[in-house]
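I have placed the structure first, in the form of structure tokens, so that the comments after it can refer back to it.
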Amino acid sequence: MEPAESTVGERQVGAIGRRRFSVLRRIYLLVVALVGGLAGIGWAWPWLDAYLARRPAVQAGASMDVSSPCPGARVSSMKLLLAEDDRIVRITVRDALADDGYAVTECADGTSALHAVQAEVFDIVLSDVRLPGVDGIALFRAVRQINPRAAVVLMTAFADADDAVAVMREGARDYVQKPFEIDELLLRIRRVRDEIAFRARMETGQGPTRPEPLRGDSPAMQRLRERVDAAAQSEVAVLLTGETGTGKDLCARTIHERSRRADKPFVAVNCAAIPDTLFEAELFGHEKGAFTGADRRRVGRFEAANGGTLLLDEVGELAAASQAKLLRVLESSTFEPVGSSRPVKVDVRVLAATNRDLAADAAQGRFRRDLYYRLNVIDLHVPPLRERRADLPVLVRAFSEEIASRQGRPVPELAPDVVAALAAYDYPGNVRELLHALERGVALSRGGPIELDHLPADIAATFAREPSGAPSLEHVQPLGEAVAVFEREYIQRVLDKAGGHKTRAAALLGISRKNLWERLRDATRDGGEDDANER
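As structure tokens, this is what we get:
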């Protein structure tokens, strides 16, 4: 092994090996690699090679066909081909991917990777750009010919980034710059996996009828999902707070679907839409003849939700008298329908949602304090979209695909000025506003690219207020490339908002400072930024 190759291996192990190797193993491997690299003698690398060969192929009990140039991995529903000539990097990435549920086939050079593609159908191909024999670019183009449905992700050094961007225009799904964090690589591969699964469901008629809930990988959404999962395992009341359009109803439905009541009814009632005089009849039901127009008995929302979950949306809009009636039912789980003296006992889990500050309303006497405490056993705050902007690329891509599928249209391309406008807008209507904007764009584009005038006026006007560095209007981009531009535009805006403070901007974006620096370097092609600005 040449000294230069040893140095590259050491640096990449330091960058991506933390997840897979224990401290003692890393020290062992590093010492062996250093000895071999510095001394330039032949026994060190075979020693390391023999040690690595003794490690389990993918996991304990997994078998590998060592006679094959591309030994396989354990069976999984998502098959992935890994082409990487650096042995340490290949084994580290292979193990991480296998732990994440992929059936990994690994190859040490481009020629054997090409043979594997010709012999077997893969869902994902993850390849280094620089490979012995057939390079990663040529391998990508061969995959496009042999299996156009396979998603290709490239691993590239900074010097090769231009080539990676170029092949993305030809249809490559993504690229990751070396050295990289293993968690970042896994996140990108998961997104590719989810898109493949989504397209498969659409093609088989099994796609979701509404957007999948709780999308996004930002820290705010990760915390929300954790709390939703915890709430789903309990039976206590939950109060969902957040601005209009953030997805409180999706959180409530997710709690129900992940609870033991999932096979029972989920009933949602908009408290703001119920007149005070009809509150009892709506929630508790009424008997025939209970009041003028009551020509038959009606089951109320509480009884309809018996055994399941009742969502009281906009609960902060209830009048004082209605609050008192609701409190009695929550305390006893018993009510009497209007016009009846017969008590009805129900088993209902109550979730409540509001865009008001109920704590402040209770303190000022506008909302019953005892009802507030009864509803607020677990509090879940759903963050506004402006506080989780890192999720915008994921949401734009997912919504575009879903809307196009519902409308029977191809997934639209996004004009560069559309990307800039979507990245710049603050979304006072939150996720709902973004969804409606994209629905409008897909409808007005009539199967063509979404242009700026297809967006709502408020969002389109944002682009006009942007500085002169905005993208050109002369051409449109494929969705994958447009989302990449979208991401770069947004990172720069967050950095500007943080006053150039990279540590603060990275925290707002929910990524590491190193990751932010690499993305900025990639966007600007300026590897020599003034270190004085690196705060």
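Under the working numbering, the very last position in the sequence shown is 1393; numbers go up by exactly one each time. Beta carbons are placed, not taken as given, at the ideal position from N, Cα and C, and that holds for glycine. Bear in mind the structure is a predicted one, so any value in this text is a computation, not a measurement.
Quiz item: In this structure, what does DSSP give as the bridge partners for A961?
Solution: K937
Quiz prompt | As assigned by DSSP and simplified to three states, the class of A1177 | solution = coil
Quiz item: Sorry if obvious, but does the Cβ on V1235 come closer than 6 Å to a heavy atom of the ligand MG?
Solution: In the structure shown, the ligand MG is absent, as is every other ligand, since no ligand is present at all.
Quiz item: Which same chain residues, not among the five before or five after F1225, have their C-beta less than 6 Å away from its C-beta?
Solution: L1216 and D1219
Exercise. Can you tell me which of the three DSSP states A1120 falls into?
Key: coil
Quiz item: Which residues mark the beginning and the end of the beta strand (DSSP E) in which A1033 is found?
Solution: It should be noted that the sequence gives Tyr, not Ala, for residue 1033. Looking at the DSSP string, the run of the beta strand (DSSP E) that includes Y1033 is D1032 to Q1035.
Practice problem: May I ask which residues mark the beginning and end of the alpha helix (DSSP H) holding H1239? | Solution: Counting along the chain, H1239 falls outside any alpha helix (DSSP H), though it belongs to the beta strand (DSSP E) covering I1236 to H1239.
Self-check item: Secondary structure of T865, DSSP reduced to three states
Solution: Because the pLDDT at T865 is just 36, under 50, the model does not fix this residue reliably, and the point stays unresolved.
Practice problem: Note down, one range per segment and in chain order, each beta strand (DSSP E) of at least 3 residues found wholly within the segment 1181–1238. | Solution: 1207–1212
Quiz item: Could you check where the alpha helix (DSSP H) with A1301 kicks off and where it finishes?
Solution: N1288 to S1303
Quiz item: Would G1074 pass as a contact of D1249 if the rule is Cβ separation under 7 Å?
Solution: yes
Exercise. Please classify V979: is it buried, with 16 or more other beta-carbons within 10 angstroms of its beta-carbon, or exposed?
Key: exposed
Quiz item: In this structure, what does DSSP give as the bridge partners for G1143?
Solution: V1157
Quiz item: Which of the three DSSP states, helix, strand or coil, is assigned to T1104?
Solution: coil
Practice problem: Grab me the residues of Q1222's own chain with a C-beta within less than 7 Å of its C-beta, minus the 5 sequence neighbours each way, in chain order. | Solution: none
Quiz item: Would a C-beta distance cut-off of 7 Å place L1141 and R1159 closer than the cut-off?
Solution: yes
Quiz item: Exposed or buried, which one is Q1003 when buried takes at least 16 other CB atoms within 10 Å?
Solution: exposed
Practice problem: Report the partner residues of I982 according to the DSSP bridge assignment. | Solution: L938 and A1009
Quiz prompt | D967 in three-state terms, based on DSSP | solution = coil
Practice problem: Indicate the three-state DSSP secondary structure (helix, strand or coil) for A1126 in the structure shown. | Solution: strand
Exercise. Assign Q1035 to one of two classes, buried (16 or more other C-beta atoms within 10 Å of its C-beta) or exposed (fewer than that).
Key: buried
Quiz item: Starting from V1096 and walking both ways along the alpha helix (DSSP H), at which residues does that stretch end?
Solution: Element bounds for V1096: not the alpha helix (DSSP H) but the beta strand (DSSP E), V1096 to T1099.
Practice problem: Look up D1316 in the DSSP assignment and give the residues it is bridged to. | Solution: Beta-bridge pairing links D1316 to no other residue.
Quiz item: Any idea which residues DSSP pairs L1169 with across the strands?
Solution: A1126 and L1209
Self-check item: As assigned by DSSP and simplified to three states, the class of T950
Solution: helix
Quiz item: Between which two residues does the alpha helix (DSSP H) containing G1368 stretch?
Solution: G1368 -> no alpha helix (DSSP H), and no H or E assigned at all.
Quiz item: What's the C-alpha gap between E1376 and V1254?
Solution: 23 Å
Quiz item: Which residue's Cα is closest to the Cα of R1155: G1147, A1162 and E1161?
Solution: G1147
Exercise. Give every residue of the same chain whose Cβ lies closer than 8 Å to the Cβ of K1372, excluding the five residues on either side of it in the sequence, and list them in chain order.
Key: E1039
Quiz item: Below 7 Å between beta carbons: does that hold for L1238 and R1085?
Solution: yes
Quiz item: So what's L989 in DSSP terms, helix, strand or just coil?
Solution: coil
Quiz item: Of all the options A1278, L1293, E942 and V1187, which has the alpha carbon lying nearest to the alpha carbon of G968?
Solution: E942
Self-check item: Per-residue DSSP class, three states only, for L1072
Solution: coil
Quiz item: Per DSSP, what kind of secondary structure is I1308 in: helix, strand or coil?
Solution: strand
Exercise. Take K1106 and list the residues in its own chain whose beta-carbon comes closer than 7 Å to its own, dropping the five residues that flank it on each side.
Key: L1098, G1100, A1211 and V1240
Quiz item: If you draw a straight line from the alpha carbon of L910 to that of R988, how long is it in whole angstroms?
Solution: Its pLDDT being 43, under 50, L910 is placed unreliably by the model, and the measurement read from it follows with that caveat. Cα-Cα distance, rounded: 23 Å.
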